[in-house]
Amino acid sequence: MHEHSDVPPAAPGSGLRGVIVDWGGVLTNPISDTVSAWLAADLIDRAAYLAVMRPWIIQAYDENGTDNPIHQLERGDCDPAEFERQLAAQLIRTDGAQVPATGLLGRMFAGSVAVTEMYDLMRALRRAGIRTCLLSNSWGNDDYPRHLFPELFDAWVISAEVGMRKPEERIFLHAAGQLGLPPEQCVFIDDIKANVEAATAVGMVGVHHSQPPATAARLTALLGLPLG
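Shown next, in the form of structure tokens:
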């Protein structure tokens with residue numbers, strides 16, 4: 100986490116002063132593409148992977164769901180190596196070999212690629228006087244380009260470092276607080292609809308990200324600012 104003390108003026112006519120943004124699938128290529136590349140590279144049977152991961156993910160975004168390894172990993176309550184062991188034990192390789200647990204998370208996200216248009220959008224927001232915050236559910240792999248954070252964000256919140264995760268209400272309030280803003284003055288961008296809905300429930304303006312041009316156009320309209 101990181102923050103500055105000064106708060107910029109509101110965007111003309113909008114009252115919105117901050118933009119809080121997800122990492123994987125927004126500032127990177129879609130997570131589904133990254134996972135597909137890993138499954139192919141590691142010869143993992145897709146059906147076996149989905150049989151394990153789909154129930155975990157459904158529970159992870161169900162407010163009434165019980166905790167599972169994803170909750171624990173994202174909150175920092177589970178050693179990433181233990182998560183790797185739990186997942187690897189339930190996966191099947193198409194060649195019949197054992198799935199190596201060590202380094203599994205690193206391999207899973209090895210195909211993650213930066214989306215330069217979104218990096219440029221973060222820079223444009225800051226030039227326009229809008230405060231920006233990264234809000235990311237981490238999966239134990241510290242492969243964020245942290246050296247770029249100070250030029251992209253005024254603050255950053257990584258789930259495992261704060262013991263909270265999206266879509267918990269408290270982490271959205273925490274992120275807004277890192278910008279020194281009430282949630283009503285913040286836009287939240289994420290590729291997962293449940294997270295966007297959770298952010299809007301605490302008063303933020305939600306943007307469900309799919310493609311960079313659409314997200315940029317939506318922010319331009321919301322903020323009343325040229326962001327090109």
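Using our numbering, count along the sequence shown one by one with no gaps and you end on 327.
Here a beta-carbon is modelled for each residue, glycine too, at the ideal position from N, C-alpha and C.
Keep in mind it's a predicted model, so treat the numbers as computed, not measured.
- Close CB contacts of I191 within its chain, under the 6 Å cut and outside five residues either way in sequence, are with D144, A147 (chain order).
- Boundaries of the alpha helix (DSSP H) around T299: 292-300.
- Residue ranges of uninterrupted beta strand (DSSP E) with 3 or more members, entirely inside the stretch 109-165 and ordered along the chain, are 117-120.
- Within the same chain, Cβ atoms closer than 8 Å to the Cβ of L115 are found at A109, I229, Q284, C285, V286, V304, L321, L322, the five residues on either side in sequence being excluded.
- With a beta-carbon spacing of about 14 Å, A223 and L126 fall beyond the 8 Å limit used to define contacts.
- Annotated as proximal: D121 and I288, with beta-carbon spacing under 8 Å.
- In this structure, N128 sits away from S237, with a CB-CB distance that is not shorter than 8 Å.
- The beta carbon of V214 sits closer than 7 Å to the beta carbons of L126, T127, N128, P311 from its chain, once the five residues preceding and following it are set aside; these are given in chain order.
- According to the DSSP secondary-structure assignment, S309 is paired through a beta bridge with no residue.
- In the DSSP assignment, R226 falls within the unbroken alpha helix (DSSP H) covering 215-226.
- L233 carries a strand assignment under DSSP once its states are collapsed to helix, strand and coil.
- According to the DSSP secondary-structure assignment, A254 is paired through a beta bridge with C232.
- Rounded to whole angstroms, the gap between the alpha carbons of L138 and D161 is 26 Å.
- Less than 8 Å divides the Cβ of M207 from the Cβ of V134.
- Judged by beta-carbon spacing, C232 lies beyond the 8 Å limit of A196, meaning their Cβ atoms are not closer than that value.
- Short of 7 Å from the beta carbon of Q171, and not among the five residues preceding or following it, lie these beta carbons of its own chain, in chain order: C177.
- C-alpha of A275 to C-alpha of E268: approximately 11 Å in a straight line.
- Beta-bridge annotation (DSSP): C285 is paired with G117.
- Ranked by Cα distance from G239, the options G202, R225, F252, L272 are led by G202.
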